[in-house]
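Colleague:
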Amino acid sequence: DGATLKVEGPLGKLEHKVHPAVKVGVDPADGLLKVTRGGDDRTSRSIHGLTRALAANMVEGVSKGYEKKLEIVGVGYIAAIQKSTLQLRVGFANELQLPIPAGLTVTCPDQTHIVVKGIDKHLVGQFAAEVRARRKPEPYKGKGIRYEGEQVRRKAGKAVTK
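The opening residue of the sequence shown carries number 1 in the numbering used here; numbering runs sequentially from there.
(1) Quick one: Cα of residue 41 to Cα of residue 54, how far?
(2) Are the beta-carbon atoms of residue 116 and residue 133 separated by less than 8 Å?
(3) Going by beta-carbon coordinates alone, are residue 144 and residue 74 separated by less than 8 Å?
(4) Whose C-beta lies closer than 7 Å to the C-beta of residue 19 among residues of the same chain, with five residues either side of it excluded?
(5) Runs of 4 residues minimum, wholly inside the stretch 27-90: which ones carry the alpha helix (DSSP H) assignment?
(6) Suppose contacts are defined by Cβ-Cβ distances below 8 Å. Is residue 113 in contact with residue 83 by that definition?
(7) Which residue wins for smallest C-alpha separation from residue 141, given the options 86, 124, 21, 72?
(8) For residue 137, count neighbouring Cβ atoms within 10 angstroms of its own Cβ and tell me buried if that reaches 16, exposed if not.
(9) Residues bridged to residue 146 by DSSP?
(10) In its own chain, which residues sit with a C-beta less than 6 Å from the C-beta of residue 4, not counting the 5 before and 5 after it?
(11) Using the three-state DSSP reduction, which class does residue 19 fall into: helix, strand or coil?
(12) Quick one: residues in its chain with C-beta nearer than 8 Å to the C-beta of residue 153, no 5 flanking neighbours on either side, listed in chain order?
(13) Classify residue 152 as helix, strand or coil using the three-state DSSP reduction.
(14) Buried or exposed, going by whether 16 or more other CB atoms sit within 10 Å of the CB of residue 110?
(15) Across which residues does DSSP place residue 12 in a beta bridge pair?
(16) Exposed or buried, which one is residue 118 when buried takes at least 16 other CB atoms within 10 Å?
Structural data, given as structure tokens:
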């Protein structure tokens, strides 16, 4: 029926169009957000769980926010912010220019770290993944852009024979 879930908090507000198979509302007894489904078929159950998770992510986003940290590993690999553009020098002939989407805050505490913050979990994760995809960590030396704390599986190089 085109219902829209709107969540507002100290950090901002988010909207999400709700699937017609589920109903979302605030329970007047305890003030909690309730998601109910019409049927008990597989599609309704899956849409119910998805909507519940998205609503929980929206509530957490407008209250606490989300953050992804990336680190750049490699000699001469650096990142910088220029106006609303993230500039990456990661071993290509030209530096990469990534426009920062509206609703996100991107900072570089130093040249080898990038912090992506925002209230929309999907948008934060999507932009961080796009940045990482520009130069994924390679398995031989581990050079590239990785999430903070990510373990890169290393491979042995060529075996030298005599």
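Don't be surprised by glycine CBs; every beta carbon is placed ideally from N, CA and C. In this text the structure is predicted, and so the values were computed from the model without any measurement.
Modeller: Concretely, from the data shown:
(1) Your numbering for residue 41 matches position 41 in the sequence shown. Your numbering for residue 54 matches position 54 in the sequence shown. Their backbone Cα atoms lie some 20 Å apart in a straight line.
(2) Stepping through the sequence shown from its first residue, residue 116 is reached at position 116. Stepping through the sequence shown from its first residue, residue 133 is reached at position 133. Cβ distance not < 8 Å, so residue 116 and residue 133 don't count as in contact.
(3) Numbered from its first residue, the sequence shown carries residue 144 at position 144. Numbered from its first residue, the sequence shown carries residue 74 at position 74. Taking 8 Å as the Cβ cut-off, residue 144 and residue 74 qualify as a contacting pair.
(4) By 1-based counting over the sequence shown, the position of residue 19 is 19. For residue 19, where only same-chain residues beyond five positions count, the Cβ hits under 7 Å are 47, 51.
(5) Here the runs fully enclosed are 42-63.
(6) Taking the first residue of the sequence shown as position 1, residue 113 is located at position 113. Taking the first residue of the sequence shown as position 1, residue 83 is located at position 83. With contacts defined by Cβ atoms closer than 8 Å, residue 113 and residue 83 do not form a contacting pair.
(7) To locate residue 141, count along the sequence shown from 1; it is residue 141. Between residue 141 and the set 86, 124, 21, 72, the nearest pair of CA atoms involves 72.
(8) Locating residue 137 in the sequence shown gives position 137, where the first residue counts as 1. Flag for residue 137 reads buried.
(9) On the sequence shown, residue 146 is found 146 positions in, with the first residue counted as 1. In the DSSP assignment, the residues bridged to residue 146 are 71.
(10) If you number the sequence shown from 1, residue 4 lands on position 4. Around residue 4: 15, 17.
(11) Along the sequence shown, read from residue 1 onward, the residue named residue 19 stands at position 19. In this structure, residue 19 counts as coil in the three-state DSSP scheme.
(12) Here residue 153 refers to the residue found at position 153 when the sequence shown is read from its first residue. Answer for residue 153: 139, listed in chain order.
(13) As a position in the sequence shown, residue 152 is number 152, starting the count at 1. Look at residue 152 here: in three-state DSSP terms it is coil, with no helix or strand label.
(14) What you label residue 110 is simply residue 110 of the sequence shown in a count that begins at 1. Under this definition residue 110 is an exposed residue.
(15) Walking along the sequence shown from the start, residue 12 turns up at place 12. According to DSSP, which records beta bridges pairwise, residue 12 is partnered with 9.
(16) As a first step, residue 118 must be located in the sequence shown, where it is residue number 118. So residue 118 ends up on the buried side.
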